[in-house]
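To keep things clear, I will list the structure first and then write my remarks on it.
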Amino acid sequence: MADLTETAARPADTVPSPSPSPAPADAGSEALGCLRRVFGYDAFRGDQEAIIEHVVAGGDALVLMPTGGGKSLCYQIPALVRPGVGVVVSPLIALMQDQVDALRALGVRAGFLNSTQDMDERRLVEAEFLAGELDLLYLAPERLRVEGTLRLLDRGKISLFAIDEAHCVAQWGHDFRPDYLALSALHERWPDVPRIALTATATEATHTEIAARLQLQGARHFVASFDRPNIQYRIAPKNDPKKQLLELLRTEHAGDAGVVYCLSRKSVEDTAAFLAQQGIEALPYHAGLDAATRAANQSRFLREDGIVMVATIAFGMGIDKPDVRFVAHIDLPKSVEGYYQETGRAGRDGLPSTAWLAYGLQDVVQQRKMIDGSEGDEAHRRRLGAHLDAMLALCETVECRRVQLLAYFGQESGPCGNCDTCLSPAETWDGTIAAQKFLSAVYRLARERRQKFGAGQIIDILLGKKTAKVIQHDHDGLTVFGIGTDLSLAQWRGVVRQLLAQGLLAVEGDYGTLVLTDASGEVLGGRREVRLRSEPERPVRAAKSGGSGSAKRAAPADLPAEAMPVFEALRAWRGATAKEQGVPAYVIFHDATLREIATASPTSLDELAGVSGVGESKLAKHGEKILDLLTELRTAAEAEAGG
Ligand code: ADP
Ligand code: ZN
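Structure (structure tokens):
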């Protein structure tokens, strides 16, 4: 793969090492010194170093890096190293306060300007900016349409412009924001200030559009591998989604934070209520809830440990909570891009995470129907259809999910060892005869009875079931009645789903009735073989120690038993501290850092400083507390062992 596999491997989180650092001489070591001192990390990942050097030297950059790849440091460190204030343009107004709090916790002087502030608050930040008392200033894009903001920026010194979520400038992307179009003006007004645009989504088309609209043709492009090796991709046939979801949460993700995506608001409400009934802390999030409830639920999800957010896709962009341990879809996403973005919210911290999707016949029927009924012209519907086909191909593949996912973004890779098809290879069978039976039932109903039916009725006919509806329509008189008893109901549903996915059958009209396609004729005429994926008997579970390749590289060993209570105690301390300060728990320390403290069990401030994620400011703020807590735990453990 011609890319930055180091970005994917990401070993730095788990390796403790002594920190800084003699006085830096050149820009490179100055950046490294900053990484160690301020952020407490000891090495750059992947392309971070090259990007940072390029921007520090005044160059423009366009950065495509997956979620969790470490994009923020790519502009935060240059902003700290270069003279002046780094201006960060971001559409994520609701998250700015948290982002600024996280930087302040590191001792970085950060502020923001957006519509949530009153005049006094804005004045204060503006004064700090003019006085040169800020390292970073976050701005909502609409602020840049206000002449007053532009004049304010003129009066201060700007070190760089960072354009976060840069795909928002792409009209064909799914998050287009008209305010982003104004960002091309930055270049005209401040030609000497370097610009860095960053995004985690980009098919080739989006990538090109970002470069053109932001006038970044002269910029250096940094394209990382889109692989997220710590995410385990699994796609299961859907039978009872709520029960399947509950099983996943109970057996693999008890107490973990996660997101459950549903297609409709109603299904969000139902699912959240169901999980809550089962004793799981689940909250709903969709565009139909009032703004205050949405904000409150989002805030709890970010601030507390172990909340499950049940949401429509309205939830999630920019949520930088690092410890989302799973993303579950109980309905089929509309495109591979959407699926990749949504699942990408899991495991930003690089620790093992699950992306689980349940999908069934009904999803295919429903989405085809939605496309048929959608507004817009034929070309638009064809595009939607193509998106769905690619998503279905990913669901039905018997090959590695990751290989297929990355191929969608134009990146080649080999079997990953950390997806369901790698962990438990899917079997295929010759479904030609089954397909012929089903298609001829559709054909006979149309031909002999001038009737169309949905999957359920046709399967009943094949299974020879004398239901009321079968008798009412006299379907037991058809020659195909009862010719399909060799397969079970579930198997037949699998057959129909895959015929739909392969375009050998089509859905028509409001009732999800089935009709033949041109390709159906080839199957009926015996000119085309149909290979089908067997429905797995038992669901694949996370294989913690199994797997090979990238899975192994990413997953740090589980905590040793003796470190577990220490980790839990540290987490409890973190929760209390975060609450006291009114910031999200991860602003205090990330899980990965707490895990390392629990295993390394440092006994001095020096040792503690060697832990990844413990920089100068956090060491000064929390160091003594943590050492006290560790001593207390050690004493208690010894007392217990002794008596
Ligand atoms: P992105 O914005 O690309 O999704 P972030 O900037 O939020 O990613 O970084 C993801 C996580 O990785 C964060 O927890 C961040 O602190 C951590 N991180 C980034 N760079 C490094 C590094 N060089 N060493 C260790 N951790 C890092
Ligand atoms: Zn795989």
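First residue of the sequence shown? That's 194 in my numbering, and the numbers climb one at a time after it.
Beta carbons: idealized from backbone N, C-alpha and C, even for Gly.
Beta-carbon spacing of residue i, residue j below 8 Å
{"i": "threonine 536", "j": "valine 520", "result": "yes"}
{"i": "alanine 663", "j": "leucine 707", "result": "Before going on, a small fix: residue 663 reads as valine here, not alanine. Contact flag unset, no."}
{"i": "valine 501", "j": "glutamate 462", "result": "no"}
{"i": "glycine 261", "j": "arginine 421", "result": "yes"}
{"i": "valine 282", "j": "leucine 337", "result": "yes"}
{"i": "alanine 272", "j": "leucine 376", "result": "no"}
{"i": "aspartate 669", "j": "lysine 659", "result": "yes"}
{"i": "leucine 823", "j": "serine 794", "result": "yes"}
{"i": "leucine 717", "j": "leucine 632", "result": "yes"}
{"i": "valine 776", "j": "alanine 298", "result": "yes"}
{"i": "valine 503", "j": "leucine 468", "result": "yes"}
{"i": "valine 231", "j": "glycine 696", "result": "no"}
{"i": "arginine 496", "j": "alanine 778", "result": "yes"}
{"i": "valine 453", "j": "leucine 438", "result": "yes"}
Alpha carbon of residue i to alpha carbon of residue j, nearest angstrom
{"i": "proline 387", "j": "arginine 238", "result": "22 Å"}
{"i": "alanine 712", "j": "valine 723", "result": "11 Å"}
{"i": "glycine 252", "j": "glutamate 397", "result": "23 Å"}
{"i": "alanine 744", "j": "glycine 540", "result": "Here alanine 744 scores only 34 on pLDDT, less than 50, and its place in the model is too uncertain to base an answer on."}
{"i": "phenylalanine 602", "j": "alanine 583", "result": "12 Å"}
{"i": "glycine 566", "j": "leucine 407", "result": "35 Å"}
{"i": "arginine 721", "j": "glutamine 470", "result": "49 Å"}
{"i": "glutamate 223", "j": "glutamate 568", "result": "54 Å"}
{"i": "lysine 459", "j": "threonine 394", "result": "28 Å"}
{"i": "glutamate 825", "j": "aspartate 556", "result": "54 Å"}
{"i": "glycine 816", "j": "leucine 343", "result": "42 Å"}
{"i": "lysine 562", "j": "glycine 451", "result": "30 Å"}
{"i": "glutamine 644", "j": "arginine 637", "result": "9 Å"}
{"i": "methionine 510", "j": "threonine 399", "result": "17 Å"}
{"i": "aspartate 498", "j": "glutamine 241", "result": "29 Å"}
{"i": "phenylalanine 322", "j": "isoleucine 424", "result": "40 Å"}
{"i": "glycine 325", "j": "isoleucine 351", "result": "10 Å"}
{"i": "leucine 327", "j": "leucine 317", "result": "11 Å"}
{"i": "serine 810", "j": "alanine 762", "result": "22 Å"}
{"i": "aspartate 368", "j": "glycine 531", "result": "11 Å"}
{"i": "methionine 258", "j": "histidine 580", "result": "22 Å"}
{"i": "glycine 835", "j": "proline 758", "result": "18 Å"}
{"i": "glutamine 290", "j": "isoleucine 270", "result": "19 Å"}
{"i": "glycine 624", "j": "glutamine 665", "result": "30 Å"}
Cβ neighbours of residue i in the same chain (closer than 6 Å, five flanking residues each side left out)
{"i": "proline 434", "result": "Ile523 and Ala551"}
{"i": "isoleucine 564", "result": "Arg574, Leu577 and Gly578"}
{"i": "tryptophan 685", "result": "Ile652"}
{"i": "histidine 414", "result": "Leu255"}
{"i": "serine 741", "result": "Residue confidence for serine 741 is low, a pLDDT of 36 falling below 50, so the modelled location carries little weight; the figure read from the coordinates is stated next. These residues qualify, in order along the chain: Gly610."}
{"i": "isoleucine 428", "result": "Leu550 and Cys588"}
{"i": "glutamate 402", "result": "Ala363"}
Contacts around residue i, its chain only, beta-carbon distance under 7 Å, and the 5 residues preceding and following it disregarded
{"i": "glutamate 589", "result": "Gln691, Ala694 and Arg726"}
{"i": "threonine 627", "result": "First, the residue type needs correcting, since residue 627 is alanine and not threonine in the sequence shown. Closer than 7 Å at the Cβ level, and outside the excluded window around alanine 627, lie Leu680 and Val688."}
{"i": "valine 274", "result": "Ala220, Glu223, Ala224, Cys227 and Val249"}
{"i": "phenylalanine 760", "result": "Leu752, Leu787, Arg788 and Ala791"}
{"i": "alanine 465", "result": "Ala475, Leu476, Pro477 and Val503"}
{"i": "alanine 295", "result": "Val780"}
{"i": "glutamate 319", "result": "Leu345"}
Neighbourhood of residue i by C-beta distance below 8 Å, restricted to the same chain and skipping five residues each side
{"i": "arginine 493", "result": "Leu476 and Ile500"}
{"i": "aspartate 599", "result": "Reading off the sequence shown, one finds leucine at residue 599, where the question assumed aspartate. Hits under 8 Å: Ser418, Phe419, Asp420, Glu605 and Ser606."}
{"i": "histidine 783", "result": "Pro515, Asp516, Asp542 and Gly806"}
{"i": "leucine 801", "result": "Ile790, Pro795, Val807, Leu812, Gly816, Ile819 and Leu820"}
{"i": "alanine 699", "result": "Arg561, Leu693, Leu707, Val708, Leu709 and Thr710"}
Residue i Cβ short of 7 Å to ligand 3 heavy atom set
{"i": "aspartate 235", "result": "Ligand 3 is not part of this structure, which contains only ligand 1 and ligand 2."}
query = Taking the runs of the beta strand (DSSP E) that are 3 residues or longer, which of them lie wholly in the segment 400 to 447?
reply = 413 to 416 and 424 to 430
ask   = Going along the chain, which unbroken runs of the alpha helix (DSSP H) with 4 or more residues stay wholly within the segment 645 to 729?
value = 648 to 655, 661 to 665, 682 to 694 and 711 to 717
query = Which residue spans inside the segment 518 to 583 form an unbroken alpha helix (DSSP H) run of at least 4?
reply = 529 to 536 and 554 to 565
key: Uninterrupted alpha helix (DSSP H) stretches inside the segment 795 to 834 (no shorter than 4 residues)   = 798 to 802
query = Counting only runs that start and end within the segment 301 to 346, where is the beta strand (DSSP E) found for 3 or more residues in a row?
reply = 303 to 306 and 329 to 332
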